[in-house]
Structures are given as structure tokens and as C-alpha cells.
Amino acid sequence: MRILMLGGNGFVGRAVIADALRHGAEVASFSRGRSGTDLPPEITQLIGDRDTGDYAALRTGEWDAVVDLSGYQSKHVDEAMDVLGDRVGRYVFISSHAVYVRDLPPGTDENAPRREPLRAADVLTNETYGPCKVACEDDVLQRYGDRATIVRPGRVTGPGDTASTVPYWVRRGARGGRVALPTKPKQPLQLTDSRDLGRLVVQLVTDDRSGAFNAVGPFSTIAELIETSADLAGTTVELVQVPPDAVPPLFPLMEPEAEWGERRRDPAKARAAGMPVTPLRRTIADLMAWDRDRGEPPLSVGLSPEDERRLLGKG
Ligand SMILES: NC(=O)c1ccc[n+]([C@@H]2O[C@H](COP(=O)([O-])OP(=O)(O)OC[C@H]3O[C@@H](n4cnc5c(N)ncnc54)[C@H](OP(=O)(O)O)[C@@H]3O)[C@@H](O)[C@H]2O)c1
Numbered sequence: 001m002r003i004l005m006l007g008g009n010g011f012v013g014r015a016v017i018a019d020a021l022r023h024g025a026e027v028a029s030f031s032r033g034r035s036g037t038d039l040p041p042e043i044t045q046l047i048g049d050r051d052t053g054d055y056a057a058l059r060t061g062e063w064d065a066v067v068d069l070s071g072y073q074s075k076h077v078d079e080a081m082d083v084l085g086d087r088v089g090r091y092v093f094i095s096s097h098a099v100y101v102r103d104l105p106p107g108t109d110e111n112a113p114r115r116e117p118l119r120a121a122d123v124l125t126n127e128t129y130g131p132c133k134v135a136c137e138d139d140v141l142q143r144y145g146d147r148a149t150i151v152r153p154g155r156v157t158g159p160g161d162t163a164s165t166v167p168y169w170v171r172r173g174a175r176g177g178r179v180a181l182p183t184k185p186k187q188p189l190q191l192t193d194s195r196d197l198g199r200l201v202v203q204l205v206t207d208d209r210s211g212a213f214n215a216v217g218p219f220s221t222i223a224e225l226i227e228t229s230a231d232l233a234g235t236t237v238e239l240v241q242v243p244p245d246a247v248p249p250l251f252p253l254m255e256p257e258a259e260w261g262e263r264r265r266d267p268a269k270a271r272a273a274g275m276p277v278t279p280l281r282r283t284i285a286d287l288m289a290w291d292r293d294r295g296e297p298p299l300s301v302g303l304s305p306e307d308e309r310r311l312l313g314k315g
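Under the UniProt record's numbering, the first residue of the sequence shown is numbered 1, with each subsequent residue one higher.
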């Protein structure tokens with residue numbers, strides 16, 4: 001099986017590559033060559049840039065499937081499809097659960113209504129990211145039809161997670177003590193382990209399967225994430241609810257209550273297609289070990305210990 005990854009050296013891409021190699025695939029990865037550390041030596045690396053339309057490195061070659069992890073705007077997928085044409089058997093587009101309209105009730109599946117497509121955005125924000133992914137999905141489906149597969153992950157984490165969002169809460173739980181929580185402890189989460197996502201993608205390619213799949217993990221809550229992190233680190237925590245406006249905007253993993261249904265999507269279709277469910281405790285333990293190994297670099301989100309103490313009235 002020959003797989004071309006657009007964005008194989010990113011966080012999710014590495015998990016897909018690890019699974020593909022375990023299953024004997026031959027893998028090439030196309031990117032600018034900027035993200036992360038070196039890829040395994042058996043990966044063919046192709047250099048180009050989707051923002052400038054530089055796809056020269058993809059002018060030759062044939063693959064059973066392309067897995068597109070770096071398509072964020074319709075121009076990205078349109079240009080890639082123009083270049084690749086019928087030299088790829090299947091186009092697997094890594095979309096996002098952000099394509100769905102907000103305020104859906106719990107339990108919706110892949111047939112839930114999507115947001116209006118946005119064909120181009122100057123910047124990708126919380127508002128434009130989902131609609132731009134909708135436009136990408138539409139274009140891939142229109143061009144490849146039955147040879148298109150759409151994967152819609154929720155928030156992905158696990159070892160290698162270079163975003164700050166989940167590591168903030170894992171580190172915060174591990175530190176123990178009084179934790180400022182700008183939401184109710186029962187706020188739902190549905191974190192996706194990157195290794196489960198990698199397994200799903202490779203299985204979909206192996207089975208040459210069409211359609212859309214919600215790639216979401218086990219049901220949990222923000223309290224479970226923090227308390228499990230504390231437990232794994234041998235500490236204890238006291239969750240102290242604070243008003244949402246007492247912390248910086250876009251605080252990690254915080255969602256308005258009206259949108260909590262988004263964290264209870266139906267995972268049945270992806271599970272039936274072969275997506276495993278790593279227990280949250282294992283995902284956190286492996287993320288924590290990886291984060292410690294890399295020396296716990298500063299995170300870009302959350303409260304500093306000093307600000308948190310001040311907020312909780314002890315500073
Ligand atoms: N992480 C999540 O929680 C999550 C959730 C839902 C959906 N997704 C989707 O999953 C996909 C992968 O996410 P990720 O978290 O793995 O992202 P990431 O770590 O930022 O990786 C992005 C990848 O795209 C490549 N890339 C970026 N700009 C490029 C350009 N102009 N030309 C060519 N390649 C480019 C990067 O490589 P270079 O820097 O070397 O170019 C890298 O390989 C994305 O489509 C994202 O929307 C992610």
C-alpha cells in the first residue's frame with residue numbers, strides 16, 4: 001500500500017505515519033519541511049508549499065491514497081487535486097468536527113447539518129476554520145465522489161501533542177492544589193487519541209472505504225481530565241469554579257454550555273470501521289510522559305501559577 005501524506009510531519013500526521021508503517025505501507029510526506037523533528041528514514045520527503053501553490057514535488061508518482069492533513073482552505077484542496085488527479089486512488093481529507101453547526105444536541109452523527117461553506121478566509125479563526133473545512137469537503141467530494149473519504153476529528157491529543165490546550169490541564173492537574181476552573185466540572189469532553197485516529201485513517205485506506213466519519217474519543221469531563229492527571233502524578237486537586245470572564249478569552253477547552261452537545265457526538269460509524277478507543281487515563285499518562293521527556297516547554301495558554309493564586313484570593 002502506497003500512501004501520500006500531505007502534512008505527515010505534523011502532530012496528527014506522525015500518528016498516521018506510525019500506524020501506516022506498522023501495517024507495512026510505503027509512505028511519502030509532502031510539506032514545507034518545517035514542523036517537528038526528523039521523520040523516520042524510510043519516509044520519502046517531498047518539499048513544497050500549499051500557500052504559494054508550489055506542488056512541483058508532486059508532479060510524478062502514484063499512490064493508492066492521499067491523506068490530506070494540511071488542507072485548510074478550498075484553494076489548498078483544489079490545487080492538490082489538480083496536480084494529483086487520477087494518480088491517487090482515494091482522497092482522504094482530514095476535516096474537523098468544526099464543520100457542524102453549533103448548538104446541536106448530544107448524540108448527533110455524520111448526518112448532522114454542517115455550517116455554510118466559506119471558500120476563502122484571510123485568516124483562520126474559530127469562526128472561519130469550520131466553514132473553510134466545509135468548502136474543502138465539498139470540493140473533495142465533488143471531484144473524487146466514491147473515492148473520497150472525509151474524517152472529522154474532535155480535539156486530538158496524546159504523545160506528540162504540540163498544541164498547549166490539553167497539556168495545560170494535564171500539567172495543571174499534575175501540579176495539584178486548588179485549581180481555578182472557569183466552567184462547571186461536568187463540562188463534557190470527547191478527546192481523540194492521535195493513535196486511535198491514525199489507526200482509523202489507515203484502516204479506511206486499507207478497506208478503500210468512502211463516506212464521512214466522526215473521529216471522536218471516549219466520553220469524559222473536564223473534571224475527569226484534571227483529576228486523572230493529578231492521580232497519575234500522585235497529587236490531589238480541589239476544583240474551584242471561577243467566572244468565565246475572570247480568565248483570558250479562549251481559555252483552553254472551555255465551551256459555552258449551549259455547545260456542550262458538540263462533545264457528545266456519536267462515534268458508532270468510526271468505531272464500526274475500526275477506530276479503537278484508548279481509555280482517557282492511558283492517553284493522559286502517555287501525554288504526560290512525553291511532555292516531561294521534552295522538558296515541559298512554556299505553554300501559550302492558561303493562567304500562570306501566580307495569576308491563578310491571585311484569582312483564587314491567595315496572592
Ligand atoms: N489537532 C487537532 O486537535 C485537530 C482536530 C481536528 C482536526 N484536525 C485537522 O488535522 C489536520 C492536522 O492537524 P495537526 O494538529 O497535525 O496540525 P499540525 O501539527 O500543525 O500539522 C500541519 C501539517 O501541515 C503542514 N503544512 C502546514 N502549512 C503548510 C503549507 N503551506 N504547505 C505544505 N504543508 C504545510 C505542516 O508541515 P510543515 O510545517 O513542514 O509545512 C504539518 O505537517 C489539520 O487538517 C487539522 O485541521 C486537527
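Where is the CB? At the ideal position from N, CA and C, for every residue including glycine. This one's a predicted model, so the numbers in the text were calculated from it and none came from an experiment.
In whole angstroms, give me the CA-to-CA distance for residue i and residue j.
i, j, result
"ARG294", "GLN142", "43 Å"
"THR192", "ALA135", "23 Å"
"LYS184", "PHE30", "42 Å"
"ARG119", "TRP290", "37 Å"
"ALA215", "ASP109", "11 Å"
"MET275", "ARG309", "41 Å"
"ILE3", "GLY313", "54 Å"
"SER210", "GLY154", "19 Å"
"GLY8", "GLN203", "17 Å"
"PRO40", "LEU46", "14 Å"
"LYS133", "PRO117", "8 Å"
"MET81", "MET288", "38 Å"
"PRO188", "LEU280", "13 Å"
"VAL205", "LEU250", "35 Å"
"VAL67", "ASN111", "22 Å"
"ASP139", "VAL242", "43 Å"
"GLY61", "TYR55", "12 Å"
Sort the options by Cα distance to residue i and report the nearest one.
i, options, result
"LYS186", "GLY177, ASP207, SER220 and ASP196", "SER220"
"GLY24", "ILE43, ALA56 and ASP103", "ILE43"
"GLU79", "PRO153, LEU311, GLY274 and LEU6", "LEU6"
"SER35", "VAL27, ASP49 and VAL170", "ASP49"
"ASP207", "ALA65, GLU127 and ARG281", "ALA65"
"residue 338", "LEU21, VAL247, GLY261 and PRO256", "This structure does not reach residue 338, given that the chain is present from 1 up to 315, and the question cannot be answered."
"LEU124", "VAL140, SER74, GLY154 and ARG195", "SER74"
"ALA212", "LYS269, ARG263 and PRO182", "LYS269"
"ARG292", "PRO267, TYR72, TYR55 and ASP161", "ASP161"
"GLY176", "VAL140, THR235, ASP122 and THR228", "THR235"
"GLU227", "ASP307, VAL83, ASP54 and TRP169", "TRP169"
"PRO244", "LEU232, GLU257 and VAL237", "GLU257"
"GLY53", "GLY61, ARG32 and GLU62", "ARG32"
"LEU21", "VAL12, GLY10, MET1 and ALA56", "MET1"
What is the C-beta distance between residue i and residue j, in whole angstroms, given that I count them as a contact (C-beta under 8 Å)?
i, j, result
"PRO252", "THR157", "Actually they do not touch by this definition, with Cβ atoms about 11 Å apart."
"ILE94", "LEU69", "5 Å"
"VAL99", "GLU127", "Not a contact, Cβ separation roughly 13 Å."
"GLY217", "VAL301", "About 21 Å separates the two Cβ atoms, so there is no contact after all."
"ARG199", "ASP19", "5 Å"
"GLY261", "PRO105", "5 Å"
"VAL12", "LEU197", "6 Å"
"ARG171", "GLU296", "7 Å"
Given a cut-off of 8 Å, decide if residue j and residue i are closer than it, judged by their beta-carbon atoms.
i, j, result
"VAL27", "VAL201", "no"
"ALA230", "ALA174", "yes"
"THR149", "VAL92", "yes"
"GLN190", "ARG265", "yes"
"ARG14", "SER96", "no"
"ASP286", "PRO167", "no"
"ASN115", "GLY130", "The sequence shown places Arg at residue 115, not Asn. Yes. Within cutoff."
"ASP38", "GLU259", "no"
"GLY85", "VAL77", "no"
"LEU181", "LEU225", "no"
"VAL101", "VAL179", "no"
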